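Everything on this sheet refers to the single structure shown next.
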Ligand code: GLV
């Protein structure tokens with residue numbers, strides 16, 4: 425029996441390639457730059473499977489160009505790049521990679537939090553500049569992280585991993601979410617629920633961990649920044665469009681908030697020039713980028729593809745109704 429043809433928009437890691445190569449006829453995009461859209465649309469014409477990164481929009485246009493497609497496996501937990509409803513309409517299974525990147529992403533949100541509070545970017549620049557002349561009492565004084573209040577917006581797996589790390593820093597943890605966590609979880613993580621406005625008024629560090637949905641797009645806007653303490657910092661490792669970037673720049677410029685640690689942006693890879701300032705630490709969407717975690721993410725995507733073609737339920741299917749229909 426012929427193997428299903430699958431296109432991967434990245435060369436992936438060896439472990440994931442091994443899983444895919446065994447049961448699929450694979451075509452990998454091997455160049456370091458992202459494939460041009462026309463090239464992707466051309467290559468998926470005859471493909472039954474797709475392994476893609478979050479930079480690929482799997483929308484109507486894409487699905488039209490891939491009439492044989494049966495699965496689109498995203499190598500990311502966030503799947504706002506995939507029009508799941510359009511996939512469902514065409515009987516295409518869509519999958520993501522939840523569960524394996526929670527701790528790594530929380531580690532990085534903490535990295536940003538520590539870096540912006542303790543002015544690591546400025547400190548590294550000075551240390552490397554040859555201009556550091558002497559130790560000084562008030563040189564690069566930052567803000568303590570320990571003992572402060574951490575406000576978590578979105579208390580899912582990553583938000584909770586964030587909270588778990590706070591106890592070592594003797595922080596008070598408050599969170600907000602559309603759904604309140606079970607009492608046992610609140611107790612275990614010593615996290616107290618707050619309505620959004622109360623969280624904004626109380627948090628010293630506000631860390632975002634919500635998916636990008638119509639209701640979270642632009643969630644952090646001017647009125648939200650207005651409610652934050654002028655000494656507070658915003659940390660975003662979720663999705664860029666959750667924050668109104670122009671409003672964030674205005675809040676930073678006017679001193680409405682003290683700073684920000686950002687991994688994600690409204691129009692990646694474009695970064696608003698107003699964010700390039702001393703009190704903002706910037707990273708290029710790398711929160712889950714440890715070799716261990718990225719390898720697991722690629723393997724999970726591969727396993728989802730292999731499962732579908734073996735007639736099994738892909739473990740991370742987002743639209744299981746397509747299975748019932750077939
Ligand atoms: C990364 O941003 C992901 O969604 O996995």
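Residue numbers (our numbering): 425 to 750. Just so it is clear, CB atoms sit at the ideal spot from N, CA and C, and this is done for glycine as well. The model shown is predicted, which means the values in this text are computed figures rather than measured ones.
Under the rule that 16 or more other beta-carbon atoms within 10 Å means buried, what is residue i, buried or exposed?
i           : result
residue 438 : exposed
residue 657 : buried
residue 473 : buried
residue 552 : exposed
residue 497 : buried
residue 494 : buried
residue 637 : exposed
residue 532 : buried
residue 450 : buried
residue 664 : buried
residue 486 : buried
residue 555 : exposed
residue 591 : exposed
Would you check if the distance between the CB atom of residue i and the CB atom of residue j is smaller than 8 Å?
i           : j           : result
residue 666 : residue 643 : yes
residue 649 : residue 681 : yes
residue 746 : residue 430 : no
residue 722 : residue 499 : yes
residue 528 : residue 655 : no
residue 540 : residue 684 : yes
residue 598 : residue 585 : no
residue 566 : residue 594 : no
residue 610 : residue 618 : no
residue 710 : residue 676 : no
residue 508 : residue 521 : no
residue 452 : residue 436 : yes
residue 613 : residue 588 : yes
residue 546 : residue 440 : no
residue 696 : residue 669 : yes
Straight-line CA distance for residue i to residue j?
i           : j           : result
residue 576 : residue 476 : 30 Å
residue 620 : residue 511 : 34 Å
residue 729 : residue 536 : 34 Å
residue 466 : residue 624 : 47 Å
residue 579 : residue 600 : 7 Å
residue 699 : residue 490 : 39 Å
residue 651 : residue 662 : 21 Å
residue 513 : residue 526 : 31 Å
residue 446 : residue 530 : 34 Å
With DSSP as the reference, identify every bridge partner of residue i, one or two as the case may be.
i           : result
residue 704 : 684
residue 519 : 497, 741
residue 596 : 573
residue 476 : 498
residue 659 : 631, 685
residue 440 : Partner(s): none; residue 440 has no beta bridge.
residue 506 : 482
residue 675 : None, per the DSSP bridge assignment.
residue 691 : 694
residue 644 : 667
residue 615 : 597
residue 609 : For residue 609, which the question treats as bridged, DSSP gives no partner whatsoever.
Could you check which residue in the options has the C-alpha nearest to that of residue i?
i           : options            : result
residue 480 : 552, 469, 503, 494 : 503
residue 738 : 610, 518, 506      : 518
residue 687 : 607, 631, 464, 717 : 631
residue 692 : 684, 706, 542      : 706
residue 505 : 483, 526, 492      : 483
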